[in-house]
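Under mature numbering (1 follows the signal peptide of the UniProt record, and there is no 0), residues -19 to -1, 1 to 362 are what the sequence shown spells out, in order. Reading through the structure tokens given below for one structure.
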Amino acid sequence: MVILLLIIVIMAGPLSVVAQQCPLTVVPVSDAQVKTLRDSRMQLAVDLLRSVVSQDPTQNVFLSPYSIFSAFQLLFFASSGRSEEIVRKLLHIPDNLTKNDVAGIYALEREQNERNKNTTNKYELDSASKIYVQQDMGIRDCVKDIFSNEYSSVDLKHHLEYTREKINEWIERQTRNMIMDCIPAGFLDSSTSLLLVNAVYFKGLWKSSFMKEFTFLDDFHMADGSKKETKMMHKTDFFRYVNYFKHGVNGLELPYKGDNISMFIILPQKNHETAIQDLLKSLTYDRLEKILSQILDRPLREMYVTIPKFKIEKKYDLLPILKDFGADELLEFVNLSDLLKTAENQKVNKAIHSAKIAVDEEGTEAVAVTAVQASIAVSSI
């Protein structure tokens, strides 16, 4: 098992006009606040890993906690009251970060992302988000100013299939055509009021590439103790590596060109059928942070490294994960009054995540898309 990281039309009540005071403002933020939100992402990453693996321990896992966090961060900006509290807890955003602080960090990272596009980096890392709103709902003018690049008004009541095609075209551009037809037929309908989408793309070359002539079929050890013949890449070079006996793991850093982004490989030291599951059960954010710090603190040492050459493509329904995280209340009602001009009963109706990765002798290419759909809630009669 490989685990990789890089979620009908009966209105329930009358419309009401939302108060005009703007609920969201971009404010200056400190480095400490930026780090706090990054810690929140890492905590969500651990939650996601444990939840996904527990659903099917025999399957490979590849997902992007960053993309999932980014899409639900938009829901955090949109939500108010009890709904905002639930999303805050889901994303591990501490109370000492106000919504305005989070908006400030979002704006800062968006600016950095745009700046990276215009610089000559030795790797590509691009994240973009969209906020699609049914045109007769509308969003607050002050919030529209903050999300001018993300916001798009759409007509799902009269041009449903056309809108779906346009959304998929945007996703395909963002993922360099690695993810096609991400929003399937039926994902949107005439009751859809809001669609939040994040797409992230990464392409990096190894700082020291593997030579293709040293790639050959070899045994890959599966989680259940069996072996599978797999194309394995082999290399002798200098790497950071740790035997972390305190937490029962071995850790390896594989850096990409540019020197500020790396792949980390973490393996349990015990070799038995439930070793990976046991590791994940005991894994916390603090423990993961300590493991990564231990790897980075190690000096370079000459090592013979063997890793598989592989491709993985995965799709996840995030609704069971939301229930697992105690956020199932959002599936019945979500207050979106901090975004929408008119407030009526809504619910998070669907949430999906698609991710794809290819690792070869030259480097890594990976993409992920998260889509969260909210619809008008239907009252029971």
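Idealized CB from N, CA, C, for every residue including glycine.
query	result
Roughly how many angstroms lie between the CA atoms of E150 and M159, to the nearest whole one?	12 Å
Give every residue of the same chain whose Cβ lies closer than 6 Å to the Cβ of V135, excluding the five residues on either side of it in the sequence, and list them in chain order.	Y113 and T144
At a threshold of 8 Å, does K209 count as lining the ligand FMN (C-beta to nearest heavy atom)?	As far as ligands go, the structure on display features none, and thus does not contain the ligand FMN.
Within 10 angstroms of the Cβ of E65, are there 16 or more other Cβ atoms? Answer buried if so, exposed if not.	buried
Using the Cα positions of I272 and K188, report the straight-line distance between them to the nearest angstrom.	22 Å
In chain order, which continuous runs of the alpha helix (DSSP H) of length 4 or greater are located wholly inside the segment 89 to 177?	122 to 127 and 141 to 155
Does Q354 come out as helix, strand or coil in the three-state DSSP assignment?	strand
Considering only the beta carbon of each residue, do A204 and Q258 sit closer than 9 Å?	yes
Taking all protein chains shown into account, do 16 or more other C-beta atoms lie within 10 angstroms of the C-beta of E142, making it buried, or fewer, making it exposed?	exposed
Among residues of its own chain, excluding the 5 on either side of L277, which ones have a beta-carbon nearer than 8 Å to its beta-carbon?	R221 and E234
Counting only the same chain and skipping the five closest in sequence on each side, list residues whose C-beta sits under 7 Å from that of V353.	A52, F53, L56, L177, V329 and A332
On the criterion of 16 or more Cβ atoms from any shown chain inside 10 Å, does F128 qualify as buried, or is it exposed?	buried
Compute the beta-carbon to beta-carbon distance between P289 and K212, rounded to the nearest angstrom, for a pair I have assumed lies under 8 Å.	7 Å
Could you tell me how far apart the beta carbons of T196 and E342 are, in whole angstroms, since I believe they sit closer than 8 Å?	6 Å
Measure the alpha-carbon distance for T17 versus S243 and round it to whole angstroms.	21 Å
Are the CB atoms of M284 and D218 within a distance shorter than 9 Å?	yes
On the CB-based measure, 16 or more other CB atoms within 10 Å of its CB, does I(-10) come out buried or exposed?	Low local confidence applies: a pLDDT of 25 at I(-10) is under 50, so the model's placement there is unreliable, with the coordinate-based value given in what follows. The residue in question, I(-10), is exposed, as its Cβ has fewer than 16 Cβ neighbours within 10 Å.
Measure the alpha-carbon distance for I49 versus D117 and round it to whole angstroms.	27 Å
Determine the direct distance from the alpha carbon of K80 to that of A(-1), and round the result to whole angstroms.	With a pLDDT of 43 at A(-1), under the threshold of 50, the modelled position of this residue cannot be trusted; read the value that follows with caution. Using only the alpha carbons, I get a separation of about 18 Å.
If we require 3 or more residues per run, which beta strand (DSSP E) segments fall completely within the segment 215 to 283?	230 to 236 and 243 to 249
Once you ignore the five residues that flank K209 on each side, which residues in its own chain have a CB closer than 7 Å to its CB?	F201 and M203
For S21, I'd like the list of residues in its chain whose CB is within less than 7 Å of its CB, leaving aside the five on either flank, ordered along the chain.	L72, H73 and I74
Around the Cβ of R121, are there at least 16 other Cβ atoms within 10 angstroms (buried) or fewer (exposed)?	buried
Can you confirm whether K188, when its beta carbon is compared against all beta carbons of chain B, has any partner nearer than 9 Å?	Absent from the structure is chain B; it holds one protein chain and no more.
With DSSP run on the structure shown, which of helix, strand or coil describes G62?	helix
According to the Cβ coordinates, are A59 and L311 closer than 9 Å?	no
Which of helix, strand or coil does DSSP assign to T17?	helix
For P4, which three-state DSSP category applies?	coil
Taking Cβ positions, are A256 and A180 nearer each other than 9 Å?	no
Could you tell me the distance, in whole angstroms, from the CA atom of Y237 to the CA atom of N130?	30 Å
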